[in-house]
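Chains as they are written, first to last, in this note's numbering: chain L, 1 to 312; chain F, 1 to 312; chain S, 1 to 312.
Rendered as structure tokens:
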């Protein structure tokens, strides 16, 4: 009924297979969504997610309407029972219910504030949409998860995995100048593990992710050991989870370069984009043959299309 | 030819009846607007109006293009003969004429500044669009009126009115933290009266509306007396009209709660949204069975659809 | 393959003729663009360009998606090899490649900063889109050119030119309160000359345009002499090119009025809009019979439509 986390999917392999079929014939199901409307509600900026989800919906014959609520709307009240005599203009329960009446399906992006672990983990915005909208809700990245990205990543891995062996997949923390959410890393971990892959996560001490998402993965602080013989290296920055939302000083050596992959000759490199070049990842990798980052972006269309199709 | 006020409608009952038919079969007239284009021009933010009008146009087969002129455009000059050596970039007469060439129909939202009664009452923006665009113009809320909201309200009243008696309709002023326009209250009054209903308006002294809109209504400062045996209570804040745009200190007791409706057991409660919960209206009312606010929002689609259909 | 300058056009007369045919029957080719998608990427505000290009694409059956990258996106890095530890969030090469995967055609607007002649003349943004997007790219006004405007202008001249003689076309500099780009003037010059017209350019000393664009035109500092017997007077402000991006103090007498046209009784007056009334051009001219400014704006649809059709 909704799509906000891996548990919402009954059969991951089947969903990936459907995405592959849609990629082969994107317009084969143009009647499924005829006269149906999806609202794409953004409380934060978006490039790939917005354009790929729009295209996915249109490929299925739907009309996709974008609303940049952060810029075109007004401040939403989140607290139940609030006396709204401050700066919030509308309660999310009212706004979500209204939008649910105008669309057959809603998709929502809402980043965390990274100020309170409890507040972000509560996922208030996406939960309120689910509670009050009365229509299927798709996460376009919530405070703690980015499931459409992860499905596109699984599709990309499926297309590029070695034939003769189980792939070694490494999630490798990278430096960044800003404090970033954990959502992409959390989701990548839970999807990879749920899909039955082995996962190694490597990061400096202090960057441990929430164990709710990483249970079953091997955690290594030794970057070199983690990368050895990797088939896929997923590079991503995140801020500290324990010291919630903080950025520790870290060694620039965690930026992934070709030198790190001397013992991983077949490694493909992944990143969800946007990427800080020569901070997270070197130009040589991004512009070289190992890079799957553009394919991941392209696959966003078919991940979203498979999800929307399954909800229609 | 245009739709900016109740006088633009020949037969209110027929328009409401058409809106009811469209609600029953929203896609029954998908060929009427084929290859026709409507431009939705916003000089102020919008949620319901934007999404419902877009949907209404699409239900009729039109393409609807949203332009947030306040954010995506530039400052418009309003004064005829101005020497434009200041901050205004384009004269409204030029912009309106251009947009009229690009669309078969225009819909425009332009709030009042609440600084000058004369300026706001002149309705310069909507009038200039009508004068220069050369195509039918729909008001999406102007300085002094919000006719699409009122038509949706009339439709909602028509659906919920008692069978055996004339409904008692009360427009009840409510507190708010900001100075709000009079448009919704003005339009509700003129549409209710034009539709042949009896109307009671109740507000604290000093909040008298412009008598151009309220002529024929009963004005009561006694809140309790006004609400007695009401069938519909339309709750809305507005700033002072006499002391133009000012907010007087007012008693919080004007916030409508269940306690106010002890002598109005059948009263349905209406509000155009967004609503300040527990400032204008209590949670208990908004979340209870009396509330028609979500139905009003839903009916915005069919009000707009009936109007667009009549102009096509 | 792309459309960013007059050299991209094989046969200007044929393109104008096609635009005229499209104007006569805008929906005659609705199947050409079926299931094709154009992305309109704005790094600067737009009214005419956005709405007319959107309409042009839709007239050909395409879906047109607008992205206001300046407001809805994030800061783009332009420099190759940059260490992105500052304020830029994504490298243009990555963003352009992603958008190229989501659309069959891209159209891009990017104004100059007017700080460095070298930087603006390099046309980095439009060149990077061409290099990395992998799909046809249309300029919606770049740092130094505005080719869709010029094609609409050529169409307008073609419709209004005298039958018995070669038209005298004058590009007449006008005052303005801000420092404006040279793009419209540059493009008008190169298109007019490439179309085989004679062109007189008149401006105060110090406002010489880049000779790359004006080679073949007659440059006159004597305003009166330039306007004599003109058939078309194209009024436009631009900042200094030599003293790059500067505004010299200038005589208000360069604002075009009826008095200037006493010796040009048949002169039609053109401007690309938005126009500063009574600064660049007088009300009497803009509101009188000489004005072609609204026709130019209308013709933007068919200029864009002819270009998109040629690229499909």
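Yeah, the Cβ is synthetic: ideal placement off N, Cα and C, and Gly gets one too.
In this text, all values refer to a predicted model and were calculated from it rather than measured experimentally.
**Asked** In terms of alpha-carbon separation, which member of 299(L), 282(L) and 72(L) lies closest to residue 160(L)?
**Response** Position 160 of the first chain, counted from the first residue, corresponds to residue 160(L). Ranking the options by Cα distance to residue 160(L), first place goes to 299(L).
**Prompt:** With a cut-off of 7 Å, does the C-beta of residue 294(L) fall near any C-beta of chain B?
**Reply:** The structure shown has no chain B; the protein chains it does contain are L, F and S.
**Message:** For a cutoff of 7 Å on Cβ pairs, would you count residue 297(L) as touching chain S?
**Reply:** Start at 1 with the first residue of the first chain, and residue 297(L) comes out as number 297. By this cut-off, residue 297(L) is an interface position.
**Prompt:** Expressed to the nearest angstrom, what Euclidean distance is found between the alpha-carbon atoms of residue 274(L) and residue 95(S)?
**Reply:** The residue given as residue 274(L) occupies position 274 in the first chain. The residue given as residue 95(S) occupies position 95 in the third chain. Answer to the nearest angstrom: the Cα atoms are 8 Å apart.
**Message:** Report the start-end ranges of each beta strand (DSSP E) in the region 21-102 of chain S that is 3 residues or longer and not cut off at the edges.
**Reply:** At a cut-off of 3 residues, the continuous stretches assigned as beta strand (DSSP E) that sit fully inside the region 21-102 of chain S are 37-42 and 63-68.
**Run of the alpha helix (DSSP H) containing residue 298(F), from where it starts to where it stops** = Position 298 of the second chain, counted from the first residue, corresponds to residue 298(F). That run of the alpha helix (DSSP H) goes 293-311.
**Asked** Quick one: which chain F residues come within Cβ less than 7 Å of residue 204(S)?
**Response** Here the question's residue 204(S) lines up with position 204 in the third chain. Residue 204(S) does not reach chain F, its nearest Cβ partner there being about 18 Å away, counting only Cβ pairs nearer than 7 Å.
**Request:** May I ask which residues mark the beginning and end of the beta strand (DSSP E) holding residue 166(L)?
**Result:** Here residue 166(L) is taken as the residue at index 166 of the first chain, counted from 1. It is not in any beta strand (DSSP E) - residue 166(L) carries neither H nor E in the DSSP assignment.
**Asked** For residue 198(S), does the three-state DSSP call read helix, strand or coil?
**Response** Here the question's residue 198(S) lines up with position 198 in the third chain. Correct three-state label for residue 198(S): strand.
**Request:** For chain L, find out if any of its Cβ atoms is closer than 7 Å to the Cβ of residue 208(S); answer yes or no.
**Result:** Position 208 of the third chain, counted from the start, is the residue given in the question as residue 208(S). Not an interface residue.
**Request:** Measure the C-alpha to C-alpha separation of residue 21(L) and residue 154(L) and round it to an integer number of angstroms.
**Result:** Translated into positions along the first chain, residue 21(L) becomes position 21. Translated into positions along the first chain, residue 154(L) becomes position 154. Straight-line measurement puts the Cα of residue 154(L) at about 14 Å from the Cα of residue 21(L).
**Message:** Relative to the C-alpha of residue 137(S), which candidate in 177(S), 143(S) and 109(S) has its C-alpha closest?
**Reply:** Numbered from its first residue, the third chain carries residue 137(S) at position 137. Closest by alpha carbon: 109(S).
**Proximal residues, the region 61-85 of chain L versus chain S, C-beta separation under 8 Å** = Listed in sequence order: 68 and 71.
**Prompt:** Taking the alpha-carbon positions, what's the residue 206(F) to residue 171(F) distance?
**Reply:** Translated into positions along the second chain, residue 206(F) becomes position 206. Translated into positions along the second chain, residue 171(F) becomes position 171. Residue 206(F) and residue 171(F) have their C-alpha atoms spaced approximately 16 Å apart.
**Asked** At a cut of 8 Å, does the region 87-107 of chain F reach the region 21-32 of chain F through at least three beta carbon pairs?
**Response** Too few Cβ pairs lie closer than 8 Å, so no.
**Message:** Per the DSSP calculation, residue 268(S) is bridged to which residue(s)?
**Reply:** Within the third chain, residue 268(S) is the residue found at index 268, counting from 1. According to DSSP, which records beta bridges pairwise, residue 268(S) is partnered with 232(S).
**Asked** According to the Cβ coordinates, are residue 254(S) and residue 175(S) closer than 7 Å?
**Response** Here residue 254(S) corresponds to residue number 254 of the third chain, with the count starting at 1. Here residue 175(S) corresponds to residue number 175 of the third chain, with the count starting at 1. Cβ distance < 7 Å, so residue 254(S) and residue 175(S) count as in contact.
**Message:** Tell me the residue span of the alpha helix (DSSP H) that contains residue 211(S).
**Reply:** Translated into positions along the third chain, residue 211(S) becomes position 211. Per DSSP, residue 211(S) belongs to the alpha helix (DSSP H) from 211-214.
**Asked** residue 183(F) and residue 145(F): beta carbons closer than 7 Å?
**Response** Taking the first residue of the second chain as 1, we reach residue 183(F) at position 183. Taking the first residue of the second chain as 1, we reach residue 145(F) at position 145. Result yes, Cβ atoms of residue 183(F) and residue 145(F) sit closer than 7 Å.
**Item:** Alpha carbon of residue 37(F) to alpha carbon of residue 105(F), nearest angstrom
**Value:** Residue numbering aside, residue 37(F) sits at position 37 when the second chain is read from its first letter. Residue numbering aside, residue 105(F) sits at position 105 when the second chain is read from its first letter. Taking the straight line from one Cα to the other gives about 7 Å.
**Exposure label - residue 31(L); buried when at least 16 CB within 10 Å** = By 1-based counting over the first chain, the position of residue 31(L) is 31. Residue 31(L) counts as exposed, since fewer than 16 other C-beta atoms from the protein chains shown sit within 10 angstroms of its C-beta.
**Prompt:** Does DSSP put residue 3(S) in a helix, a strand or coil?
**Reply:** Here residue 3(S) refers to the residue found at position 3 of the third chain. Assignment of residue 3(S) by DSSP, reduced to helix, strand and coil, places it in the strand class.
**Request:** Following the continuous beta strand (DSSP E) through residue 106(L), name the residue where it begins and the one where it ends.
**Result:** Residue 106(L) sits at position 106 when you count from the first residue of the first chain. 105-109 is the extent of the beta strand (DSSP E) around residue 106(L).
**Item:** Helix, strand or coil at residue 218(L) according to DSSP, with G and I counted as helix
**Value:** Walking along the first chain from the start, residue 218(L) turns up at place 218. DSSP places residue 218(L) in strand when its eight states are reduced to three.
**Request:** Could you tell me which residues DSSP pairs with residue 173(L) in its beta bridges?
**Result:** On the first chain, residue 173(L) is found 173 positions in, with the first residue counted as 1. For residue 173(L), which the question treats as bridged, DSSP gives the partners 236(L).
**Request:** Could you say which of 177(F), 204(F) and 243(F) lies nearest to residue 224(F) if we only look at CA atoms?
**Result:** Within the second chain, the letter at position 224 stands for residue 224(F). Checked all of 177(F), 204(F) and 243(F); the closest Cα to residue 224(F) is 204(F).
**Message:** Tell me which residues of the region 150-177 of chain S have at least one Cβ-Cβ distance to chain F shorter than 7 Å, keeping chain order.
**Reply:** Listed in sequence order: 177.
**Request:** Rounded to whole angstroms, what's the CA-CA distance from residue 50(L) to residue 245(L)? Just pull it up for me.
**Result:** By one-based count along the first chain, residue 50(L) stands at place 50. By one-based count along the first chain, residue 245(L) stands at place 245. Roughly 26 Å separates the two Cα atoms.
**Request:** Select from the region 37-56 of chain L all residues with a C-beta closer than 9 Å to any C-beta belonging to chain S, and list them in chain order.
**Result:** Legend: CB atoms of the region 37-56 of chain L lying less than 9 Å from CB atoms of chain S belong to residues 42, 45, 46, 47, 48, 50, 51, 52, 54 and 55.
**Asked** Taking the beta strand (DSSP E) that residue 139(S) falls in, what are its first and last residues?
**Response** Looking up residue 139(S) in the third chain gives position 139. The continuous beta strand (DSSP E) containing residue 139(S) extends over residues 137-139.
**Message:** Mapping the DSSP letters down to three states, classify residue 148(L) as helix, strand or coil.
**Reply:** Reading the first chain from its first residue, position 148 is the one you call residue 148(L). Assigned with DSSP and collapsed to three states, residue 148(L) falls in helix.
**Request:** Just tell me which of 261(L), 218(L) and 209(L) has its CA closest to the CA of residue 231(L).
**Result:** For the purposes of this step, residue 231(L) is taken as the residue at position 231 of the first chain. Among 261(L), 218(L) and 209(L), the Cα nearest to that of residue 231(L) is on 261(L).
**Request:** Determine, using beta carbons only, whether residue 237(L) comes closer than 7 Å to chain S.
**Result:** Against the first chain, residue 237(L) aligns to sequence position 237. Among the residues facing chain S, residue 237(L) is not included, as its CB has no counterpart in that chain under 7 Å away.
**N- and C-terminal bounds of the alpha helix (DSSP H) containing residue 128(S)** = Looking up residue 128(S) in the third chain gives position 128. Residues 124-133.
**Asked** Among residues of its own chain, excluding the 5 on either side of residue 218(F), which ones have a beta-carbon nearer than 6 Å to its beta-carbon?
**Response** As a position in the second chain, residue 218(F) is number 218, starting the count at 1. 200.
**Cα-Cα separation between residue 156(F) and residue 240(F), rounded to whole angstroms** = Here the question's residue 156(F) lines up with position 156 in the second chain. Here the question's residue 240(F) lines up with position 240 in the second chain. Across the structure, residue 156(F) and residue 240(F) are spaced so that their CA atoms are roughly 28 Å apart.
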